[in-house]
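Per UniProt numbering, the very first residue in the sequence shown carries number 1; after that it's consecutive.
Notes to accompany the following structure.
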Amino acid sequence: MEKYELAEQDYLDGMKYKDIAEKYEVTLNTVKSWKSRHWGKKVAPKEKSVHTKPKKVAPEIITELMNNDELTDKRKLFCLYYLQLFNATKAYQKAFNVDYETANAAGARLLVNVSIQKQLADLKNDMANDLHLSALDIAHEYMKQAFADVGDYVEFGTDDVIVRDGWYKPVKDKLKGGWLTEQKSFVRLKNQEDVDTSMIKSVHIGRDGVVVELYDKQKALDALNKLLNEDNIIENEKDAVMLVDDIPMEDNKDGPKETEN
């Protein structure tokens, strides 16, 4: 049987395009081509009964946070800012409106607070479940961006081409005979159906021709490194707390006094 015939059952069983592509070692666009050419008249994939996706994500998360009676309003703001920034110092600065030095000390202390950790974990899980994403899914996408090879999308090199005069007539090689040739560089795009277009940031016509731009490798590597080491971030900030134990604390929970505005 052909690959597309074997993959058809996986499609009907609800397997995602991305997973089918990986299983049969083809591009995502190849799977989409199979769908349009061979599976178009087939029964649609079975609906998965698990994980009913809520229509409104952010409001539900915020409602859950607001209903947490264990946290003050500013601690709730800290949680929201931390989910946006993944930086305890900056999150504390924005939530409590204090200077950097104070936030640098108190942010680390507040991040290891049991109630804060539990709330952050719950919010992260809610967001991930709603999007049907796991850390592994995100890491996989960053890995693809970080290790994408431009050679998968373009062919480039040099060709021997015949030299032509002003009238576009071929020029004879007086020394060797035959036509005079010279080397010229070339860049050729590969066909869309043969590449994974999800790794392409943009394709456009520039002043000197077609420009294919992939996602920034270094940014993807940095994001991947941060994602893989996220668990270590809290551990490192726990160690940092030991360095600021001599700073006066009012309630032994957050560090400097939390002034509600």
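Backbone N, C-alpha and C fix where the C-beta goes; we use that ideal spot for every residue, glycine too.
Note that the coordinates shown come from a computational prediction; the quantities given were computed from them, not determined experimentally.
| query | result |
| --- | --- |
| Unbroken stretches of the alpha helix (DSSP H), 4 residues or longer, contained in the stretch 98 to 170 | 100 to 111, 114 to 131 and 135 to 146 |
| Element boundaries [alpha helix (DSSP H), containing V195] | Per DSSP, V195 belongs to no alpha helix (DSSP H) and is neither H nor E. |
| Minimum C-alpha distance to V161 - residue among D69, R37, K184 and N67 | K184 |
| Under the three-state DSSP convention, the category T30 falls into | helix |
| Straight-line Cα distance separating D152 from D208 | 21 Å |
| Separation of L214 from Q192, as counted between CA atoms | 14 Å |
| Beta-carbon contacts of Y142 that lie in its chain and below 6 Å, excluding the five residues immediately before and after | A220, A223 and L224 |
| Per-residue burial, A121 [other beta carbons within 10 Å of its own, 16 or more giving buried] | exposed |
| D19 burial status per 10 Å Cβ neighbour count (16 or more: buried) | exposed |
| For K184, the first and last residue of its enclosing alpha helix (DSSP H) | It is not in any alpha helix (DSSP H) - K184 instead sits in the beta strand (DSSP E) that spans T181 to L189. |
| Under 9 Å between C-beta atoms of F156 and R188 | yes |
| Expected contact under 8 Å - CB spacing of T197 and N29 to nearest Å | 6 Å |
| Under the three-state DSSP convention, the category K172 falls into | strand |
| Straight-line Cα distance separating I205 from Q154 | One detail in the question is off: residue 154 reads as Val in this sequence, not Gln. Answer to the nearest angstrom: the Cα atoms are 15 Å apart. |
| Heavy atom of the ligand HEM within 8 Å of L65 beta-carbon | What this structure holds is no ligand at all, so the ligand HEM is not there to describe. |
| Secondary structure of residue 267, DSSP reduced to three states | Look at the range of the chain in this structure, 1 to 261, and you will see that residue 267 is not part of it. |
| 8 Å CB neighbourhood of E8 in its chain, flanking five on each side removed | W34, H38, W39 and K42 |
| Buried versus exposed call for L111 [16 or more other C-beta atoms within 10 Å across all chains shown] | buried |
| Environment of K169 [buried if 16+ CB atoms lie within 10 Å] | exposed |
| K90 and A106 closer than 9 Å at C-beta | no |
| Check whether L71 and A139 have beta carbons under 9 Å apart | no |
| Cβ neighbour criterion (16 or more within 10 Å) applied to V98 | buried |
| Nearest-angstrom Cα separation, counted from G166 out to G177 | 20 Å |
| Local conformation of E213 per DSSP, three classes | strand |
| Segment limits, alpha helix (DSSP H) that includes D208 | Counting along the chain, D208 falls outside any alpha helix (DSSP H), and DSSP gives it neither H nor E. |
| Assigned exposure category for Y11 - 16 Cβ within 10 Å defines buried | buried |
| Rounded C-alpha distance that separates R164 from V210 | 25 Å |
| Residue range of the alpha helix (DSSP H) that includes F96 | A88 to F96 |
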